[in-house]
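Student:
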Amino acid sequence: MLDIKHLNVAVEGKEILRDVNLSIGTGETHALFGPNGSGKTTLLMAIMGFPRYHVTKGSIIFKGKDITRLGVDERARLGIGISFQRPPVVRGVKTKDMIVAAMRGRGDEKTIAELAERADLTEFLDRDINYGFSGGEIKRAELMQLLAQKPELTLLDEPESGVDLVNIALIGELLNQLLEKDCPMRKRKCMGLIITHTGHILQYVNVRTGSIMLDGRIVCQGDPHEILATIKEKGYEECARCVK
Amino acid sequence: MREVKSTQAYKDKAKAAKAKPATLGEDIDLSAFAAEAEALPYQADPSKLSAKAKKQMMQAGVILDDTKQRSGTYIQMDNMPVHYSSQQEGIEVMAISEALAKHDWLADYWWKAVAVDADKYTAHVELSQSNGYFIRALKGQKTVYPVQACLYLAKAKLAQNVHNIIIAEENSELHIITGCTTASGDEPGLHLGVSEFYIKKGAKVTFTMIHNWNPEIAVRPRTGTIIEEDGLFLSNYVLMKPVRSMQMYPSANCVGENATVRYNSILLAPPGSHMDIGSRVLLNARGAKTEIISRALTTGGTIIARGYIEGNAPDVKGHLECRGLILQGEGTIHAIPELKGNMAGIDLSHEAAVGKIAEEEVEYLMARGLTRTEATATIVRGFLRVDIEGLPPELDAELKKAIEASEKELM
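Each protein sequence line maps, in turn, to chains G and E.
Read in order, the letters of the first sequence correspond to residues 24 to 267 in our numbering.
Read in order, the letters of the second sequence correspond to residues 14 to 424 in our numbering.
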């Protein structure tokens with residue numbers, strides 16, 4: 024389980040998150056809503072442990088262990104994975120190399136080929152990662168790497184942005200594989216935290232709880248579909264007014 | 014061993030250029046190096062060469078214990094050819110002295126792709142002619158395995174002078190791997206190598222050169238290539254070991270329609286190494302194409318990465334790509350890409366980038382579970398990986414082996 028307690032996070036000396044509290048139970052997936060600049064990506068980056076996102080207060084507990092001071096790679100090896108919204112192009116490093124890296128060097132040719140087929144990226148294995156990829160291809164490549172990594176907690180930053188309707192179904196399918204949708208709830212281990220603007224992904228993924236982030240704080244929690252309907256109807260202004 | 018006999022006209026031109034400094038690179042004092050070395054015995058069986066020499070040669074891609082995977086072998090130690098043989102009919106591999114005696118017509122190729130009076134180094138090679146290799150694929154012949162050549166500097170403070178000629182006759186295919194290396198890890202030496210390539214109509218030559226010198230050696234290769242109609246020249250150069258001073262600017266001249274040239278260079282400069290390395294292509298016939306790609310990596314040394322493409326005919330196309338990475342310390346990478354177009358309808362482009370490894374890329378890999386060191390190594394390995402189209406698998410493997418060996422030391 025993931026337990027975030029009273030978390031403050033600063034970026035380049037500027038405080039972005041203030042007193043964030045969030046719990047995700049084992050096997051649960053959580054959606055995070057909020058207007059641009061509200062701090063959603065900062066929260067994901069801080070959970071993953073990127074050095075630019077400096078925790079000034081509070082703690083992040085993952086599987087009972089305080090990981091607040093651990094490095095990115097240590098958190099990845101503990102079982103946290105992230106799908107970037109805009110991952111970098113790394114020239115010379117092939118998509119296949121990324122899968123091998125995610126599998127900690129244990130990837131055999133057959134497993135790699137199967138993963139690529141599932142993500143419809145067979146022809147991309149020998150291409151430089153993210154180089155010349157379309158929006159949908161980038162997202163699928165991110166999820167393919169996560170499927171190779173098998174994290175227990177998956178952080179997803181707008182998995183549906185820049186993706187057409189054909190791709191979104193495939194992305195939903197890959198996400199469900201990652202989050203063990205076919206596994207009975209009581210046996211399910213994998214957790215997810217998904218940032219979504221449009222909410223399209225909620226049609227494909229079983230999300231139990233939604234949170235709204237405004238100005239660096241989580242201000243409201245509830246049924247994600249209900250939250251989404253409210254946002255669509257009344258906008259975040261209503262949320263801001265409601266929590267005052 | 015026969016002596017190389019050149020004409021008086023070349024001797025005269027060389028004498029006139031004896032003191033002519035090269036346009037680029039540090040001026041090397043030739044008088045500091047011995048011209049003569051002891052005569053070495055010819056070895057009919059190259060596997061009988063000393064274990065030390067074989068080990069050094071192996072690191073430069075030259076295999077002597079089992080030559081079944083080679084179409085031919087040429088070994089020169091200092092200024093003596095100590096072995097040459099061809100394992101395939103239709104492929105000639107011999108000392109240039111013998112080839113000049115055997116083929117009268119070879120004089121027509123002598124100093125035709127490189128000017129004898131280009132600088133004091135070409136002049137020196139002509140005036141103190143020692144030997145070199147002659148490799149030729151007869152019309153329509155294709156090498157099954159690569160031909161290998163090794164130029165080995167055994168004696169300290171020696172100037173090794175080499176003049177090579179490579180001819181691919183019409184519609185032939187020739188794959189060559191050349192390893193240049195030295196016996197000593199720290200003795201000074203000078204390697205002067207003239208290489209002239211002639212690629213006839215429809216012929217294909219891949220030339221992979223691996224240099225393993227030492228921090229005290231100066232190297233001045235002088236290379237010219239003439240490519241006829243539909244010919245292909247693919248040149249790969251790997252220098253990942255220290256060298257005191259290396260300067261070369263090989264030039265390829267596309268004289269036939271649709272001639273194609275590709276140059277790939279992979280350079281690593283440790284502290285104290287100075288490398289001034291470029292590739293020059295003249296697109297002189299309709300439809301000629303070229304691609305020049307270099308990867309320069311410094312851990313403290315200096316790399317000047319040059320490139321020059323000149324378009325002088327309709328529908329020619331050229332692209333130059335230079336990427337430099339300063340890995341640590343105070344190394345310098347100076348990329349000098351040049352394009353010159355002399356008529357409408359040509360298409361020349363270049364891209365050059367010099368920098369350090371982007372932190373964002375390292376963190377991306379770390380987010381998949383790699384440590385910082387592993388992530389950096391993966392990015393460097395990717396940087397040095399140049400996908401070479403048209404290279405036979407054996408040569409591709411040799412090239413990768415040479416690069417991987419240096420990567421390990423680097424990390």
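We put the beta carbon where it would ideally sit given N, CA and C, even for glycine.
Do the stretch 363 to 381 of chain E and the stretch 332 to 339 of chain E touch if we need at least three Cβ pairs shorter than 8 Å?
Tutor: yes
Student: Pull up the CB-CB distance for residue 185 of chain G and residue 222 of chain G, whole angstroms please, since I reckon it's below 8 Å.
Tutor: About 16 Å; that fails the 8 Å criterion.
Student: Listing by chain order, which chain G residues have their CB less than 7 Å from the CB of residue 391 of chain E?
Tutor: 116, 120 and 124
Student: Could you tell me which chain E residues have their CB closer than 7 Å to the CB of residue 131 of chain G, listed as they occur along the chain?
Tutor: Residues of chain E passing the Cβ test: none, with the nearest at roughly 17 Å.
Student: In chain G, which residues lie less than 9 Å from residue 32 of chain E when you measure between Cβ atoms?
Tutor: The premise fails here: residue 32 of chain E is roughly 44 Å from chain G at the closest Cβ pair, so nothing lies under 9 Å.
Student: Using only CA atoms, which one of E:187, E:185, E:201 and E:186 lies nearest to residue 166 of chain E?
Tutor: Looking at the Cα atoms, E:201 is the closest of the given residues.
Student: Relative to the C-alpha of residue 276 of chain E, which residue among E:52, E:332, E:212 and E:127 is closest?
Tutor: E:332
Student: Answer with yes or no whether the minimum CB distance from residue 96 of chain G to chain E is below 8 Å.
Tutor: Judged by the 8 Å Cβ criterion, residue 96 of chain G is in contact with chain E.
Student: Should residue 250 of chain G be flagged as near chain E, meaning a C-beta pair shorter than 8 Å?
Tutor: So no, residue 250 of chain G is outside the interface.
Student: Short check: CB of residue 329 of chain E to CB of residue 296 of chain E, under 8 Å?
Tutor: yes
Student: So with Cβ pairs under 8 Å, would you call residue 311 of chain E a contact of chain G?
Tutor: Chain G contact via Cβ: absent.
Student: What are the boundary residues of the beta strand (DSSP E) that includes residue 321 of chain E?
Tutor: Element bounds for residue 321 of chain E: 315 to 324.
Student: Is residue 113 of chain E closer than 8 Å to residue 150 of chain E when the C-beta atoms are compared?
Tutor: no
Student: Quick one: measure Cβ to Cβ for residue 214 of chain G and residue 47 of chain G, integer angstroms, because I've assumed they're closer than 8 Å.
Tutor: 5 Å
Student: Taking any Cβ of chain E, which residues in the stretch 164 to 192 of chain G have a Cβ under 7 Å from it, in chain order?
Tutor: 168 and 172
Student: Report buried or exposed for residue 60 of chain G, applying the criterion of at least 16 other Cβ atoms within 10 angstroms of its Cβ.
Tutor: exposed
Student: I'd like to check one pair, residue 28 of chain G with residue 81 of chain G: are the Cβ atoms closer than 8 Å?
Tutor: Yes. Within cutoff.
Student: Taking Cβ-Cβ distances shorter than 7 Å, what residues in chain G pair up with residue 378 of chain E?
Tutor: By Cβ distance, chain G contributes 124.
Student: With 8 Å set as the bound, which would you pick, yes or no: does the beta-carbon of residue 71 of chain G sit closer than that to a beta-carbon of chain E?
Tutor: yes
Student: Under the rule that 16 or more other beta-carbon atoms within 10 Å means buried, what is residue 406 of chain E, buried or exposed?
Tutor: exposed
Student: With a floor of 4 residues, list each alpha helix (DSSP H) that falls wholly inside the stretch 147 to 212 of chain G, ordered by position along the chain.
Tutor: Here the runs fully enclosed are 158 to 172 and 188 to 201.
Student: Does the stretch 384 to 393 of chain E come into contact with the stretch 212 to 226 of chain E, if we say contact requires no fewer than three beta-carbon pairs (one atom in each stretch) closer than 8 Å?
Tutor: no
Student: Starting from residue 373 of chain E, find everything on chain G with Cβ-Cβ shorter than 8 Å and list it in chain order.
Tutor: For residue 373 of chain E, the residues of chain G that pass the 8 Å Cβ criterion are 111, in the order they occur in the chain.
Student: Can we count residue 155 of chain E as close to the ligand SAM, meaning its CB is less than 7 Å from some heavy atom?
Tutor: The ligand SAM is not part of the structure shown, which contains no ligands of any sort.
Student: Kindly provide the ranges of any alpha helix (DSSP H) runs that are 4 or more residues long and lie completely inside the stretch 132 to 192 of chain E, ordered along the chain.
Tutor: 133 to 140
Student: Using the C-alpha atoms, what's the distance from residue 57 of chain E back to residue 390 of chain E?
Tutor: When rounded, the distance between both Cα atoms is 43 Å.
Student: Out of E:55, E:319 and E:136, which has the shortest C-alpha to C-alpha gap to residue 26 of chain E?
Tutor: Of all alpha-carbon atoms in E:55, E:319 and E:136, the one lying nearest the alpha-carbon of residue 26 of chain E is that of E:136.
Student: Going straight from the alpha carbon of residue 123 of chain G to that of residue 218 of chain G, what length do you get?
Tutor: 27 Å
Student: Check for me: the alpha helix (DSSP H) holding residue 110 of chain E runs from which residue to which?
Tutor: 109 to 115
Student: Can you find a CB in chain E that lies within less than 8 Å of the CB of residue 99 of chain G?
Tutor: It does: the Cβ of residue 99 of chain G has a partner Cβ on chain E nearer than 8 Å.
Student: Measuring CB to CB, does residue 240 of chain G end up less than 8 Å from residue 41 of chain G?
Tutor: yes
Student: Less than 8 Å between the beta carbons of residue 138 of chain E and residue 207 of chain E, yes or no?
Tutor: A distance below 8 Å separates the beta carbons of residue 138 of chain E and residue 207 of chain E.
Student: Compile a chain-ordered list of the residues in the stretch 207 to 223 of chain G whose CB is closer than 7 Å to at least one CB of chain E.
Tutor: Against chain E - using a Cβ distance shorter than 7 Å - the stretch 207 to 223 of chain G contributes no residues.
Student: Could you tell me which of E:312, E:308 and E:313 sits nearest to residue 319 of chain E, measuring between CA atoms?
Tutor: Of the listed residues, the one whose Cα sits closest to residue 319 of chain E is E:308.
Student: What is the DSSP secondary structure of residue 107 of chain G, counted as helix, strand or coil?
Tutor: Look at residue 107 of chain G here: in three-state DSSP terms it is coil, with no helix or strand label.
Student: Ignoring anything shorter than 4 residues or poking outside the stretch 296 to 382 of chain E, list the alpha helix (DSSP H) runs there in chain order.
Tutor: 372 to 379
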